[in-house]
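Numbering (this note's numbering), first residue to last: 9 to 117.
Glycine residues also receive a C-beta, built at the ideal position from the N, C-alpha and C atoms.
Written out below as structure tokens is the structure these notes cover.
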Amino acid sequence: ARRHGRKLFWVSFLTPCSPSRGDEFAEMSFAPSVYQVQGKWQHSSGGEIEVQPDATGKSVIIVHPTVGKQSMDVMRFLTADGLDYFGFKGKLEGGKITWNNGVVWTKVG
Numbered sequence: 009a010r011r012h013g014r015k016l017f018w019v020s021f022l023t024p025c026s027p028s029r030g031d032e033f034a035e036m037s038f039a040p041s042v043y044q045v046q047g048k049w050q051h052s053s054g055g056e057i058e059v060q061p062d063a064t065g066k067s068v069i070i071v072h073p074t075v076g077k078q079s080m081d082v083m084r085f086l087t088a089d090g091l092d093y094f095g096f097k098g099k100l101e102g103g104k105i106t107w108n109n110g111v112v113w114t115k116v117g
């Protein structure tokens, strides 16, 4: 009975907790690399954004046409869910970052 109990534990442990989410491994995502987002981007409302890692590689420097120059921790900007720019959530797809406020940054250099 003891052995059987362990077996049930492992089967239970390996069974996805939320069937609606599907295969947990297939949905795993990784944070984008700073090298994928560094460079110049065209803002959909006009103006250019520049994204660069700082000398230590621990922070990213973002020069935004309306917000100005800001520095933030790379781990806060690049998340497993995409990008987080002071609360705005973005998804990197190819040469575009689409933000949850409707803004799109298009890679230009």
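Is residue i buried or exposed, if buried means 16 or more other CB atoms sit within 10 Å of its CB?
i, result
"Gly98", "buried"
"Tyr43", "exposed"
"Phe85", "buried"
"Ile105", "buried"
Assuming residue i and residue j are in contact, meaning their beta carbons sit under 8 Å apart, how far apart are those beta carbons, in whole angstroms?
i, j, result
"Val112", "Lys48", "No, Val112 and Lys48 are not in contact; Cβ-Cβ is about 14 Å, not under 8 Å."
"Glu2", "Val75", "Because the chain here runs from 9 to 117, residue 2 falls outside it and cannot be looked at."
Using CA atoms only, rank isn't needed, just tell me which of the options is closest to residue i.
i, options, result
"Thr114", "Ala39, Ser41, Gly54", "Gly54"
Touching by the beta-carbon criterion (3+ pairs, under 8 Å), the stretch 80-97 and the stretch 55-69 | yes
Entirely enclosed alpha helix (DSSP H) segments - the stretch 61-96, minimum 4 residues = 82-85
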